[in-house]
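In our numbering, the protein residues as written are 48 to 178.
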């Protein structure tokens, strides 16, 4: 099994963009961070309901990687049935401008219709006719 890019950050010295992206690498990490930023602390099943396409196994894996990167915390409550809460750490909260920028770009440039995503190209700027 290959190592996640988040564990290879030492291989990107001098490249803050690639290093930052390595912590968001993974199909669901950005979505998880978005929901934790907008909704605050969430339980595992609340995250599953917000991301219906993710499998339980994949959600668990992505949450563990985010926890290992110290972007989220996992709090286990000793009750029956077990209760586990996930919340952003201050480091995770510092990604808010990054996630907000991705959200804004997607809202402006990506059209989702009938389960298909297409990129909406900006209209070319037209030059006024010379008089």
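Beta carbons: idealized from backbone N, C-alpha and C, even for Gly.
DSSP-derived helix/strand/coil call for residue 48:
Translated into positions along the chain shown, residue 48 becomes position 1. Because residue 48 sits at a pLDDT of 38, beneath the cut-off of 50, its placement in the model cannot be relied upon, and the point is left open.
What are the boundary residues of the alpha helix (DSSP H) that residue 76 is part of?
By one-based count along the chain shown, residue 76 stands at place 29. That run of the alpha helix (DSSP H) goes 76-86.
Cβ-based burial, residue 168 [other Cβ within 10 Å; buried from 16]:
Mapped onto the chain shown, residue 168 falls at position 121. By the 10 Å Cβ count, residue 168 comes out exposed.
Return the CA-CA distance between residue 129 and residue 90, expressed in angstroms with no decimal places.
Mapped onto the chain shown, residue 129 falls at position 82. Mapped onto the chain shown, residue 90 falls at position 43. When rounded, the distance between both Cα atoms is 11 Å.
Which one of 65, 66, 124, 80 has the shortest CA to CA distance from residue 113?
Numbered from its first residue, the chain shown carries residue 113 at position 66. The option with the nearest alpha carbon to residue 113 is 80.
Please list, in chain order, all residues of the same chain as residue 103 whose beta carbon is under 8 Å from its beta carbon, the five residues on each side excluded.
The sequence position of residue 103 within the chain shown is 56, counting from 1. Same-chain partners within the cutoff: 95.
Count the other CB atoms, across all protein chains shown, that sit within 10 Å of the CB of residue 164; report buried if there are 16 or more and exposed otherwise.
Sequence index remark: in the chain shown, residue 164 carries index 117 (1-based). Classification for residue 164: exposed.
Using only the alpha-carbon positions, how far apart do residue 7 and residue 151 sit?
Missing from the structure shown is residue 7; the chain here goes from 48 to 178 and no further.
The alpha helix (DSSP H) that contains residue 154, what's its start and end?
What you label residue 154 is simply residue 107 of the chain shown in a count that begins at 1. Unbroken alpha helix (DSSP H) run through residue 154: 143-156.
Residue 142 and residue 106 closer than 8 Å at C-beta
Within the chain shown, numbered from 1, the residue matching residue 142 stands at position 95. Within the chain shown, numbered from 1, the residue matching residue 106 stands at position 59. The answer is no: Cβ separation not under 8 Å.
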